[in-house]
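J.: Going line by line, the protein sequences match chains C and X. Note that the first sequence covers residues -4 to 457 in our numbering. Note that the second sequence covers residues -4 to 457 in our numbering. Every residue, glycine too, gets a C-beta built ideally from N, C-alpha and C.
There are 2 protein chains.
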Amino acid sequence: MPVKVFLNEDEMPRQWYNLAADLPTPLNPPLGPDGNPVTPDQLAPVFPMNLIEQEVSTERWIDIPEGILELLVRWRPTPLHRAVYLEKALGTPAKIYYKNESVSPAGSHKPNTAVAQAWYNKEFGIKKLVTETGAGQWGSALSFATSLLGLECKVFMVRISFDQKPGRKLMMQTWGGTCVASPSNETQAGRDILARNPDTPGSLGIAISEAIEEAVSDQSNTTRYSLGSVLNLVMLHQTIIGLESKKQLKKFGEDRVDVVIGCAGGGSNFAGLAFPFVHDKINGAEIDIIPVEPFSCPTMTKAPFVYDHGDTAKMTPLLPMYSLGHDFVPPPIHAGGLRYHGMAPLVSQAILEGLLTPKAIHQLECYKAAVLFAKTEGIIVAPETSHAIAAVIREAEKAGEEGKEKVILFNMSGHGLMDLNGYDRYFHGELHDYELPAEEIQRAEDALKDLPKPNMAKTGKW
Amino acid sequence: MPVKVFLNEDEMPRQWYNLAADLPTPLNPPLGPDGNPVTPDQLAPVFPMNLIEQEVSTERWIDIPEGILELLVRWRPTPLHRAVYLEKALGTPAKIYYKNESVSPAGSHKPNTAVAQAWYNKEFGIKKLVTETGAGQWGSALSFATSLLGLECKVFMVRISFDQKPGRKLMMQTWGGTCVASPSNETQAGRDILARNPDTPGSLGIAISEAIEEAVSDQSNTTRYSLGSVLNLVMLHQTIIGLESKKQLKKFGEDRVDVVIGCAGGGSNFAGLAFPFVHDKINGAEIDIIPVEPFSCPTMTKAPFVYDHGDTAKMTPLLPMYSLGHDFVPPPIHAGGLRYHGMAPLVSQAILEGLLTPKAIHQLECYKAAVLFAKTEGIIVAPETSHAIAAVIREAEKAGEEGKEKVILFNMSGHGLMDLNGYDRYFHGELHDYELPAEEIQRAEDALKDLPKPNMAKTGKW
Chain C
-4 MPVKVFLNED EMPRQWYNLA ADLPTPLNPP LGPDGNPVTP DQLAPVFPMN
46 LIEQEVSTER WIDIPEGILE LLVRWRPTPL HRAVYLEKAL GTPAKIYYKN
96 ESVSPAGSHK PNTAVAQAWY NKEFGIKKLV TETGAGQWGS ALSFATSLLG
146 LECKVFMVRI SFDQKPGRKL MMQTWGGTCV ASPSNETQAG RDILARNPDT
196 PGSLGIAISE AIEEAVSDQS NTTRYSLGSV LNLVMLHQTI IGLESKKQLK
246 KFGEDRVDVV IGCAGGGSNF AGLAFPFVHD KINGAEIDII PVEPFSCPTM
296 TKAPFVYDHG DTAKMTPLLP MYSLGHDFVP PPIHAGGLRY HGMAPLVSQA
346 ILEGLLTPKA IHQLECYKAA VLFAKTEGII VAPETSHAIA AVIREAEKAG
396 EEGKEKVILF NMSGHGLMDL NGYDRYFHGE LHDYELPAEE IQRAEDALKD
446 LPKPNMAKTG KW
Chain X
-4 MPVKVFLNED EMPRQWYNLA ADLPTPLNPP LGPDGNPVTP DQLAPVFPMN
46 LIEQEVSTER WIDIPEGILE LLVRWRPTPL HRAVYLEKAL GTPAKIYYKN
96 ESVSPAGSHK PNTAVAQAWY NKEFGIKKLV TETGAGQWGS ALSFATSLLG
146 LECKVFMVRI SFDQKPGRKL MMQTWGGTCV ASPSNETQAG RDILARNPDT
196 PGSLGIAISE AIEEAVSDQS NTTRYSLGSV LNLVMLHQTI IGLESKKQLK
246 KFGEDRVDVV IGCAGGGSNF AGLAFPFVHD KINGAEIDII PVEPFSCPTM
296 TKAPFVYDHG DTAKMTPLLP MYSLGHDFVP PPIHAGGLRY HGMAPLVSQA
346 ILEGLLTPKA IHQLECYKAA VLFAKTEGII VAPETSHAIA AVIREAEKAG
396 EEGKEKVILF NMSGHGLMDL NGYDRYFHGE LHDYELPAEE IQRAEDALKD
446 LPKPNMAKTG KW
């Protein structure tokens, strides 16, 4: 029996799947500063027009351009593994499969959209991309992608990660990217925050503000901003993960899947694996689809569904999403990629529709799960990914209690080789669980109460 | 045209190739303290008998046990890539292929022999393995392997790497291995050296002495020593790399290869790729087979072929090999895996026979090559691997001058994500080239002159 299945390059999906085409209730539109839906022209200084068109598309299947396929085959299709050793350690009747996105040169799923965004920008005549990064996964993925295409790249990295994770910064540098700590003195947004709080550790919201400011202030109009999560187009580009997984599950002889799991910060690795299965669910399949977040940043499980900005300085349009508030600063857990105040509008809408069942898990349970995974399957995963594994273990144990041979699929979204510090602190008993106090949630709701309200209509079908 | 080729698990080689069966002149035997060939019984406290038998085997093809195949398929077969983007950047008529050993959970080729050695030890009833590690690739690979098989693992890590590369130590820890800085106070060999030189940065030779001492002093007789290079059996286990590559080259449509390249410290990743092609060369194929070493530790290109110890404290038998002397401490270059005073006897003998054409390259040329590789092929390689890439670039340029469409194959033996510090120093202009003075070579020859001399007979055929 094989423990993993490859696909040949010619078996790689040729189209992305767009959930926006199938959502029972259409997405609320992003709103501009005037409270009206944002027009493509308003977004033009930030994104190239070809990506803006993709962001609002409701076509179900979107062709992957040949030029992007040529970039993706450098590391795709990625393997699908069966976790036979984890199954054995758990003594579960469940069959556990995982998609291994850690084999990309940047070590995670992030290059799937990085190469696509860099390619579309280059097609549009753009010379330079600016972005932000938290733990560094996204910044290194975009530096990798721009390097392959000969674009310039600048990354604003949240200061605390910049200081604690020199490895990620060096990856960006090796691929030719420029990485600066955020808040920086290079933007008005950064200078304002430093003036108020010179010792701030920074946040993703602040870094986004700086990156957008730098992108839109380029006088030559050949610089744009790039975002590694949240946007519809990012979810779209990541669906290649789930589409490959479906073909590979067939090769394993599986004709159904019962549970699909991914960790969710902004939502992209989860959506990438899950959305093709959400499509099946909408069409009648019985599947539990579970995005997993940390208890310390419980966007999906505790926050309100609202209109909110994606960044601290309120430079982005208002997006319809679950949000803890654009000025929320989550407690310092090691899964930096899960410390975002909002959630992708497509994921948020699918939750509202009842298509997804979000779960929150504490970080100690996640590290325990990750160590078991390392000792059984042999792979050291990223702290973000450990949240998916903890949920998988719970589901496998549940399958045992129910005596069911369930098929569980999860996204092994990245390796943890640049994040070993968290494991070290875990082994030394220095990590703790954080639960956000109810007052914090209330504070978030209060802070957002004067903003427009999204339409919360749902079909109530799931 | 595909840029990489996988194999299915059922296409994985079922046998290792043993060059000892085909060498025109047989290997000189290892010698014991009395100057006579070492007997299996003398080695029994150090290695399990099943591995001792494998070490001296002259069978050409050796079956890979089913239990080891089951461990290898966790990440094998590894992909073979065509470096189309590097070719384009070089404007070469050559076709460049590379075997990607970086996709293993430990990030290098080392797990190929780690899982095999751990499996044979477990079969023999051993409960614990002890080893040494330089840069940390081997120590993490053995920790990974013992974790999968439920054995204990202890690693003596050269102090300077222990301090500079906390990531590798944390990988070992995550897999359940124990890692201590060498020299340590835990062995007589370590205490002796610390007494003489409390601030020593350590060396691979010292760490080997400590590991052997700890292994042989276990009163319960269930601990053995494990070595990640140099030994015949290690070369044997690594030949799966070259055997897979042959099948994959055929799938790429290649019916010949002109140049085979690998970096060589102790020799194992080079031998793993190259020996199956040395077999073809012995049988008439025209192939340039090139092991590459740093100019600062020029074992193959400048050192004498002698009998010498594998470690500083002279605990190992005398091995017939090119050696700079067992007390040689190489200058501090970043490719820690290439800082070994000797060279595997099988590789040494093949050089003596004229089957291989070793080359030495300076570290700045290697880093330049690695950065070009990162920006074209997208993968950040280990500092060791950069030596192979520098040699590939030279060969590709030569093919251009000659106007020949040569087929070049090299071993991409590991990623550099745990070794980014070297890249950082390279970018900051802090690295220098070292060339070993002729007096040092003379000193090595003088120091070894009272030891027995190996038989230097050769067929002179190549």
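Relative to the alpha-carbon of X:Pro120, which residue among X:Ser381, X:Arg219 and X:Leu143 has its alpha-carbon at the smallest distance?
T.: Reading off the sequence shown, one finds Gly at residue 120 of chain X, where the question assumed Pro. Of X:Ser381, X:Arg219 and X:Leu143, the residue nearest in Cα terms is X:Arg219.
J.: Going by C-alpha distance, which of X:Ser97, X:Glu61, X:Tyr12 and X:Ala78 is nearest X:Pro378?
T.: X:Ser97
J.: If you run the structure through DSSP and keep just helix, strand and coil, what is C:Val225?
T.: coil
J.: Please classify X:Gly248 as buried or exposed, where buried requires at least 16 other C-beta atoms within 10 Å of its C-beta.
T.: exposed
J.: Return the Cβ separation of X:Met230 and X:Leu66 in integer angstroms, given the expectation that the two are a contact with Cβ distance under 8 Å.
T.: Not quite, the Cβ-Cβ distance comes to about 19 Å (not below 8 Å), so this is no contact.
J.: Using a Cβ-Cβ cut-off of 8 Å, state whether C:Arg69 counts as contacting chain X.
T.: Yes, because at least one Cβ of chain X sits closer than 8 Å to the Cβ of C:Arg69.
J.: Might you give, ordered along the chain, the residues of its own chain that have their beta carbon closer than 8 Å to the beta carbon of C:Ala355, omitting 5 neighbours on each side?
T.: Val287, Glu288, Pro289, Phe290, Pro293, Met295, Thr296 and Lys297
J.: Would you report the Cα separation of C:Pro327 and C:Gln159, rounded to the nearest angstrom?
T.: 12 Å
J.: Are any of the Cβ atoms in chain X nearer than 8 Å to that of C:Ser381?
T.: no
J.: Find the residues of chain C that neighbour X:Phe422, judging by a C-beta separation of less than 9 Å, and give them in chain order.
T.: Chain-ordered, the chain C residues with CB closer than 9 Å to the CB of X:Phe422 read Leu165, Gln168 and Thr169.
J.: By Cβ distance, which residues of its chain are closer than 6 Å to C:Glu127, with the 5 residues on each side in sequence left out?
T.: Phe151, Ala202, Ile203 and Ala206
J.: Mind checking the region 393 to 424 of chain X against chain C and listing, in chain order, the residues whose C-beta falls within less than 7 Å of any C-beta there?
T.: For the region 393 to 424 of chain X, which is checked against every Cβ of chain C, the residues closer than 7 Å are Leu412, Met413, Leu415, Tyr418, Asp419 and Phe422.
J.: Is the beta carbon of X:Val153 closer than 8 Å to that of X:Ser224?
T.: no
J.: Under 8 Å between beta-carbons, which chain X residues line up against C:Val366? List them in chain order, please.
T.: Thr169
J.: So what does C:Cys292 bridge to, in DSSP terms?
T.: Beta-bridge pairing links C:Cys292 to no other residue.
J.: Have a look at X:Leu244 and X:Asn13 and give me their C-alpha separation to the nearest angstrom.
T.: Roughly 21 Å between the two C-alpha positions.
J.: Does the CB of C:Leu124 have a neighbour CB from chain X at under 8 Å?
T.: no
J.: When you check each C-beta in the region 142 to 162 of chain C against every C-beta of chain X, which residues fall closer than 8 Å?
T.: Ser142, Leu143, Pro161 and Gly162
J.: Taking just the CA atoms, how far does X:Trp11 sit from X:Ile57?
T.: 5 Å
J.: Out of curiosity, what's the CA-to-CA distance linking X:Ala111 and X:Gln37?
T.: Taking the CA atoms as reference points, X:Ala111 sits about 22 Å from X:Gln37.
J.: How about C:His104 and C:Gln183: do their beta carbons lie closer than 8 Å?
T.: No; because the gap between Cβ atoms is not below 8 Å, this pair is not in contact.
J.: Are the C-beta atoms of C:Val175 and some chain X residue less than 8 Å apart?
T.: no
J.: Determine, for X:Ile328, whether the minimum Cβ-Cβ distance to residues of chain C falls below 8 Å.
T.: Cβ-Cβ to chain C under 8 Å: no for X:Ile328.
J.: Skipping 5 residues on each side, what residues in its chain have a beta carbon closer than 7 Å to that of X:Ala386?
T.: Excluding positions up to five away in sequence, the list reads Ile256, Ile285, Val287, Lys354 and Ile356.
J.: Comparing C-alpha positions only, which one of X:Glu4, X:Val(-2), X:Asp17 and X:Pro8 sits nearest to X:Ile277?
T.: X:Asp17
J.: Tell me whether C:Pro325 is buried or exposed, calling it buried when 16 or more other Cβ atoms sit within 10 Å of its Cβ.
T.: buried
J.: Please name the residues in the region 349 to 376 of chain C whose beta-carbon is closer than 7 Å to at least one beta-carbon of chain X, in chain order.
T.: Val366, Ala369, Lys370, Gly373, Ile374 and Ile375
J.: Evaluate C:Glu239 with the Cβ neighbour count: other Cβ atoms within 10 Å of its Cβ, from every protein chain shown; 16 or more gives buried, anything less gives exposed.
T.: Buried is the call here.
J.: Please say whether X:Leu228 and X:Leu22 have beta carbons closer to each other than 8 Å?
T.: no
J.: Of all the residues that make up the region 4 to 20 of chain C, which are near chain X by a beta-carbon distance shorter than 9 Å?
T.: Correct list: Glu4 and Asp5.
J.: Any beta carbon of chain C sitting closer than 8 Å to that of X:Val387?
T.: no
J.: Pick out the complete alpha helix (DSSP H) segments inside the region 102 to 151 of chain X, 4 residues or longer, and give them in chain order.
T.: 106 to 118 and 132 to 144
J.: Which runs of the beta strand (DSSP E), 3 residues or longer, sit entirely within the region 262 to 293 of chain C?
T.: 283 to 289
J.: Do you know offhand how far C:Pro447's Cα is from C:His304's?
T.: Looking at the backbone, the Cα of C:Pro447 and that of C:His304 are separated by about 11 Å.
J.: What's the gap between the Cα of X:Glu4 and the Cα of X:Pro72?
T.: 7 Å
J.: Does the beta-carbon of X:Arg334 have 16 or more other beta-carbons within 10 angstroms, so that it is buried, or is it exposed?
T.: buried
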